[in-house]
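Here is the structure we will look at.
Protein chains: 2
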Amino acid sequence: MRKKTTEEYIEIICLLERREGRAQTGRIADAINVKPPSVTEMLRKLEREGLIVYESYAGATLTPAGEEMARDLQRRHRTFAELLELLGVEGETAETDACQFEHHVSPETLERLRLFLEFLSKSPDGRRCLAAFGEFQKQER
Amino acid sequence: MRKKTTEEYIEIICLLERREGRAQTGRIADAINVKPPSVTEMLRKLEREGLIVYESYAGATLTPAGEEMARDLQRRHRTFAELLELLGVEGETAETDACQFEHHVSPETLERLRLFLEFLSKSPDGRRCLAAFGEFQKQER
DNA sequence: ACCCAGATTTAGGCATACCTAAAAATGATC
DNA sequence: GATCATTTTTAGGTATGCCTAAATCTGGGT
Chain A
1 MRKKTTEEYI EIICLLERRE GRAQTGRIAD AINVKPPSVT EMLRKLEREG LIVYESYAGA
61 TLTPAGEEMA RDLQRRHRTF AELLELLGVE GETAETDACQ FEHHVSPETL ERLRLFLEFL
121 SKSPDGRRCL AAFGEFQKQE R
Chain B
1 MRKKTTEEYI EIICLLERRE GRAQTGRIAD AINVKPPSVT EMLRKLEREG LIVYESYAGA
61 TLTPAGEEMA RDLQRRHRTF AELLELLGVE GETAETDACQ FEHHVSPETL ERLRLFLEFL
121 SKSPDGRRCL AAFGEFQKQE R
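For the record, the sequence lines run as chains A and B. Using UniProt numbering, the first residue of the first sequence is number 1, and each one after it goes up by one. Using UniProt numbering, the first residue of the second sequence is number 1, and each one after it goes up by one.
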């Protein structure tokens with residue numbers, strides 16, 4: 001299995017904190033498909049980096065820096081997920097691809113994509129464009 | 001520095017083979033910003049995987065499987081690069097982001113993006129759409 | 001044919017993120 | 001408050017991809 005990045009851990013911790021009040025080792029392990037000892041190790045690392053507070057046997061809590069990172073990740077994730085959905089990528093696939101892209105996008109590209117999304121969904125021209133793309137796809141089939 | 005993937009090595013080897021007739025250890029090392037011994041090691045791995053033929057002291061040559069992978073990567077790269085350029089992402093950034101995305105895109109999303117690109121650049125509706133997006137951006141500024 | 005500069009490989013290490021098995025802590029139940 | 005099932009951590013190991021320093025190969029110039 002692939003190596004997990006700091007960002008993936010931060011995302012899961014954020015999710016668990018919201019859903020369950022706290023982020024326990026075992027729950028994190030299940031979520032990212034890794035064994036608990038690996039999580040313990042990573043949590044220490046994340047704490048050294050100032051992204052979480054880690055309490056032995058209790059779990060992790062995001063610091064302000066960690067929350068900042070989590071918010072940023074969510075923004076990036078939503079941007080890609082929405083874009084892919086608009087372009088007709090099937091839900092599950094759009095999700096998993098967004099999960100990949102979110103970790104690799106530059107601020108500039110992100111900004112441009114957000115603008116494009118805004119255009120597509122909010123402006124009349126944009127909506128017309130999406131409709132036209134829908135037609136275009138049918139013809140290609 | 002980040003770890004280099006099989007795909008990055010294959011891309012560079014392909015490029016060097018075209019540009020210089022062959023892919024030597026040192027040239028590869030320079031291209032991906034790694035020291036020569038690391039390249040030797042990876043070349044052996046790539047050979048075990050059947051992607052290249054590796055001749056000691058001479059360099060690497062793509063096998064048919066390796067060429068296949070290189071072609072596929074190029075297709076993916078071009079798709080993202082073109083899309084980002086169309087959306088107005090500055091050239092250098094579009095390039096480096098495409099370099100990231102190309103390694104993480106699913107076939108389905110790729111296909112959809114290609115279709116969308118085709119729509120944007122080839123159909124009248126698509127070109128109108130791009131023009132409208134251009135206007136939209138100006139207003140946002 | 002020999003020598004030498006430059007390129008490449010060998011040898012030996014380091015860091016990271018993962019693993020399993022065993023030990024320790026926790027907290028729910030009696 | 002002792003017991004025990006569950007969770008977590010500790011201890012020790014593996015694989016990967018990178019590094020430096022030292023040895024080795026190669027090809028051009030004489």
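Cβ atoms here follow ideal geometry from the backbone N, Cα and C, with glycine treated the same way. Because the structure is a prediction, the values reported are computed rather than measured.
For residue i, the first and last residue of its enclosing alpha helix (DSSP H)
i: L73 of chain B; result: 64 to 86
i: Y9 of chain B; result: 6 to 20
i: V39 of chain A; result: 36 to 48
i: K3 of chain A; result: Segment: none, K3 of chain A is in no alpha helix (DSSP H) and carries neither H nor E.
i: E108 of chain B; result: 107 to 122
i: residue 221 of chain B; result: Any answer about residue 221 of chain B is impossible in this case: the structure gives chain B only from 1 up to 141.
i: residue 153 of chain B; result: Because chain B here runs from 1 to 141, residue 153 of chain B falls outside it and cannot be looked at.
Residue-chain proximity (residue i, chain B), Cβ-Cβ < 8 Å
i: E90 of chain A; result: yes
i: T109 of chain A; result: yes
i: S106 of chain A; result: yes
i: D72 of chain A; result: no
i: T96 of chain A; result: yes
i: T93 of chain A; result: yes
i: Q100 of chain A; result: yes
i: E62 of chain A; result: With the sequence shown as reference, residue 62 of chain A is identified as Leu, and Glu is not the correct amino acid for it. Output row for L62 of chain A: interface = no.
i: L84 of chain A; result: yes
Buried or exposed (CB count within 10 angstroms, at least 16 for buried), residue i
i: G26 of chain B; result: exposed
i: T109 of chain B; result: buried
i: G66 of chain B; result: buried
i: R112 of chain B; result: buried
i: R44 of chain A; result: exposed
i: R48 of chain B; result: exposed
i: E8 of chain A; result: buried
i: E140 of chain B; result: exposed
i: F70 of chain A; result: Checking the sequence shown, residue 70 of chain A turns out to be Ala, not Phe. A70 of chain A is buried by the Cβ-count criterion.
i: E68 of chain A; result: exposed
i: T98 of chain A; result: Note on residue identity: the sequence assigns Ala, not Thr, to residue 98 of chain A. Buried is the call here.
i: E17 of chain B; result: buried
i: A131 of chain A; result: exposed
i: R76 of chain A; result: buried
i: E102 of chain A; result: buried
i: M1 of chain B; result: exposed
Opening and closing residue of the beta strand (DSSP E) in which residue i lies
i: E55 of chain B; result: 52 to 55
Beta carbon proximity, residue i to chain A, threshold 8 Å
i: H77 of chain B; result: no
i: S123 of chain B; result: yes
i: R112 of chain B; result: yes
i: L87 of chain B; result: yes
i: L115 of chain B; result: yes
Contact test: residue i Cβ vs the ligand HEM heavy atom, cutoff 7 Å
i: E20 of chain A; result: The ligand HEM is absent from the structure shown, which contains no ligands of any kind.
Could you tell me whether the segment 75 to 91 of chain B touches the segment 80 to 88 of chain A, where touching means 3 or more Cβ pairs closer than 8 Å? no
If the cut-off is 7 Å on Cβ atoms, which residues from the segment 129 to 141 of chain B count as contacting chain A, listed in chain order? C129, A132, F133, F136, Q137, E140
Inspect the CB distances between the segment 58 to 66 of chain B and the segment 9 to 26 of chain B and report whether three or more fall short of 8 Å. yes
Would you check if the segment 121 to 141 of chain A and the segment 118 to 131 of chain B touch, i.e. whether three or more CB-CB distances between them fall below 8 Å? yes
Closer than 9 Å, Cβ to Cβ, to anything on chain B: give me those residues from the segment 15 to 32 of chain A, in chain order. none
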